[in-house]
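Contents: one structure, followed by commentary.
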Amino acid sequence: MKTNINVLLVLMLAVLPELCIAAPRPLDNAAPDALVKTATAEVLDIVKHDRDNQAMTPEKFGEVVEARILPLFDFARMTELAVARNWRIATPEQQKILTREFRTLLVRTYSTVLFTARDPVIDMKPLRAASSDSEVTVKTMVKQRGAEALAMDYEMEKTAAGWKVFDVKVDGISLITTYRDSFASRVRS
Numbered sequence: 004m005k006t007n008i009n010v011l012l013v014l015m016l017a018v019l020p021e022l023c024i025a026a027p028r029p030l031d032n033a034a035p036d037a038l039v040k041t042a043t044a045e046v047l048d049i050v051k052h053d054r055d056n057q058a059m060t061p062e063k064f065g066e067v068v069e070a071r072i073l074p075l076f077d078f079a080r081m082t083e084l085a086v087a088r089n090w091r092i093a094t095p096e097q098q099k100i101l102t103r104e105f106r107t108l109l110v111r112t113y114s115t116v117l118f119t120a121r122d123p124v125i126d127m128k129p130l131r132a133a134s135s136d137s138e139v140t141v142k143t144m145v146k147q148r149g150a151e152a153l154a155m156d157y158e159m160e161k162t163a164a165g166w167k168v169f170d171v172k173v174d175g176i177s178l179i180t181t182y183r184d185s186f187a188s189r190v191r192s
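4 is the number of the first residue of the sequence shown in the numbering used here; add one for each residue after it.
Structure below.
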């Protein structure tokens, strides 16, 4: 199961990079499912093209992740949710360090897995949300050659900076919940 989570959480990073360009784009005000769908198509094309031309190296891929994928995620909120009640007792400096380290953990783990993924196909499910909703779940199915299809849900919040991912559920298992037990154990120690 942990392998499935690693593979899918890495694939989550593959479907969203083009949303993270700093300059405003026409899609910036689009519905979250439209953002994911457009980004998915763009990123899969880029990755396939670079791999076919042998231009994608681990270093280049790391730069793409850093520059284009990470700005779409609200790592501060993700960390706060993962740390749970212990977040409130942490100092602002500790919160900053926790957020930075959690971000680094996710980036290193999932960049490595994603770099080795081959020809994933993302099947978007219809968004079931009202236009006034400030939090939505974008549901997808990730299919990869030689592997069982897995459900991947992006929990997204509408912020002043646009839609941001604050949790990912892989086959119903929350990234936040998965790390919450680990963080609680560390704090107790």
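Built from N, CA and C at the ideal position, the CB exists for glycine as well.
Contacts around residue i, its chain only, beta-carbon distance under 7 Å, and the 5 residues preceding and following it disregarded
i	result
Arg28	Its pLDDT being 43, under 50, Arg28 is placed unreliably by the model, and nothing is read from it.
Phe193	Shown here, the chain extends from 4 to 192; a query on residue 193 therefore has no answer.
Ala34	Leu130
Asp53	Met59
Asp36	Met127, Leu130, Val141
Same chain, Cβ closer than 6 Å to residue i, neighbours up to 5 away in sequence not counted
i	result
Ala25	Its pLDDT being 34, under 50, Ala25 is placed unreliably in this model, and the coordinates cannot settle the point.
Lys128	Lys142
Leu84	Ile179
Lys40	Met127
Asp156	Thr140, Lys142, Lys172
Alpha carbon of residue i to alpha carbon of residue j, nearest angstrom
i	j	result
Lys51	Leu108	26 Å
Ser135	Ser192	43 Å
Gln147	Tyr182	25 Å
Met159	Gln57	34 Å
Leu38	Ala132	15 Å
Cβ-based burial, residue i [other Cβ within 10 Å; buried from 16]
i	result
Glu138	exposed
Ile125	buried
Leu19	The pLDDT assigned to Leu19 is 43, lower than 50, so where the model puts this residue is not dependable; a value taken from the coordinates is nonetheless given after this. Result: buried.
Val168	buried
Leu14	Any reading at Leu14 must be qualified, since the residue scores a pLDDT of 44, below 50, and its modelled position is unreliable; the value itself is stated next. It counts as buried.
Lys63	exposed
Pro123	buried
Val184	The sequence shown places Asp at residue 184, not Val. Looking at its Cβ environment, which holds fewer than 16 other Cβ atoms inside 10 Å, Asp184 is exposed.
Proximity winner among the options, relative to residue i (alpha-carbon distances)
i	options	result
Ala163	Glu62, Val190, Arg121, Leu75	Leu75
Ile100	Thr82, Arg88, Val110, Arg111	Thr82
Write down every uninterrupted run of the beta strand (DSSP E) in the segment 138-181 whose length is 3 residues or greater and which is fully enclosed by it, in chain order. Listed in chain order, they are 138-146, 153-162, 165-173.
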